[in-house]
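What follows is a short report on a single structure.
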Amino acid sequence: DPSKVDRSGAYAARWVAKSLVKARLCRRCLVQVSYSIGISAPLSIAVFAYGTSSKTNKELLDIVNNNFDLRPGIIIRDLNLKTPIYRKTACYGHFGRSEFPWEQAKQLKL
Numbered sequence: 010d011p012s013k014v015d016r017s018g019a020y021a022a023r024w025v026a027k028s029l030v031k032a033r034l035c036r037r038c039l040v041q042v043s044y045s046i047g048i049s050a051p052l053s054i055a056v057f058a059y060g061t062s063s064k065t066n067k068e069l070l071d072i073v074n075n076n077f078d079l080r081p082g083i084i085i086r087d088l089n090l091k092t093p094i095y096r097k098t099a100c101y102g103h104f105g106r107s108e109f110p111w112e113q114a115k116q117l118k119l
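In structure tokens:
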């Protein structure tokens, strides 16, 4: 169910991290997003580059905020999560396969 942020939020965090790495803004990245029931916008977003970026984590977070809308409804729309693709995730998992939209890096505006 893509409306559950434990699924869609994980996909979005992966999408954001892959986009930052693909744009060569960092070599390694963790994106943390937290949500609360009844609130559409994330309560918090954090980016950790583990010292692999010439930018600070705050600068990376600003880039994320300027390029991604991480509200659940927008994630569902942008990643086309209402498409019946979830059966494929049952074998070999949700991540690391280019056929899924969250594995396609977004072109970032810097």
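The sequence shown begins at 10 in this note's numbering and counts up one residue at a time.
Where is the CB? At the ideal position from N, CA and C, for every residue including glycine.
Computed from a predicted model, the values in this text were never measured in an experiment.
Mind checking whether residue 52 and residue 43 have CB atoms under 9 Å apart?
Start at 1 with the first residue of the sequence shown, and residue 52 comes out as number 43. Start at 1 with the first residue of the sequence shown, and residue 43 comes out as number 34. Yes, they are a contact pair.
At a Cβ threshold of 9 Å, is residue 17 touching chain D?
Absent from the structure is chain D; it holds one protein chain and no more.
According to DSSP, residue 57 sits in a beta bridge with which residue or residues?
Counting from one through the sequence shown, the residue named residue 57 turns up at place 48. According to DSSP, residue pairing for residue 57 in a beta bridge involves 39.
Kindly identify the DSSP beta-bridge partner or partners of residue 48.
Start at 1 with the first residue of the sequence shown, and residue 48 comes out as number 39. DSSP output for residue 48 lists 45 as bridge partner(s).
Decide yes or no for the touch test of the stretch 15–30 against the stretch 76–94: beta carbon pairs closer than 8 Å, at least 3 of them.
yes
Among residues of its own chain, excluding the 5 on either side of residue 79, which ones have a beta-carbon nearer than 7 Å to its beta-carbon?
Locating residue 79 in the sequence shown gives position 70, counting from the first residue. Once the five neighbours on either side are set aside, the close Cβ partners of residue 79 are 21, 42, 51 and 54.
Put residue 92 into one of helix, strand or coil per three-state DSSP.
Taking the sequence shown and counting its residues from 1, the one referred to as residue 92 is at position 83. Correct three-state label for residue 92: coil.
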